[in-house]
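A.B. asks: Let me begin by handing over the structure; questions about it come next.
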Amino acid sequence: MANATAEIIWLEQLLIELEVKVYRTSVLWCDNLGATYLSANPVFHARAKHIEIDFHFVRERVMRKQLHVRFISSGDQVADGFTKALPVAKMNTFIRNLKLQGG
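Residue numbering for the sequence shown follows the numbering used here, beginning at 2 and increasing consecutively.
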């Protein structure tokens, strides 16, 4: 999550430099329900003190309302089509969703 958050910050800065207005807060989709809860709920802070600094970096952005972390099931991860071998049915859905198929 921390690496993705750093990439989001980089993209936001690039858009600012290009004078592109962004009207919405960035959303980071995560398939780890526990990480999603920890990033959004400060009540878990006492239990999360041992977690690496990277995680607190994400939480800080969420608390400042500069980032929204949302849950997505592993089966619905769009990036899987770019990073994993998929069964034929899932690959066809991926291709359709990207509008790579003619007709």
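Beta carbons: idealized from backbone N, C-alpha and C, even for Gly. Values in this document were obtained by computation on a predicted structure and should not be read as measured data.
Taking the beta carbon of G104 as the centre, do at least 16 other beta carbons fall within 10 Å, making it buried, or is it exposed?
C.D. replies: For G104, the pLDDT reaches just 48, beneath the cut-off of 50, and the residue's location in the model is therefore unreliable, although a value from the coordinates is still provided. With fewer than 16 Cβ atoms within 10 Å of its Cβ, G104 is classed as exposed.
A.B. asks: With DSSP as the reference, please indicate the residues paired to L68 in a beta bridge.
C.D. replies: The partner list for L68 (beta bridge, DSSP) reads S27.
A.B. asks: Specify the secondary structure class of L15 as computed by DSSP and reduced to three states.
C.D. replies: Helix at L15.
A.B. asks: So H69 packs on V28, CB below 8 Å; how close in whole Å?
C.D. replies: With 8 Å as the limit, H69 and V28 qualify as a contact, their Cβ atoms being about 5 Å apart.
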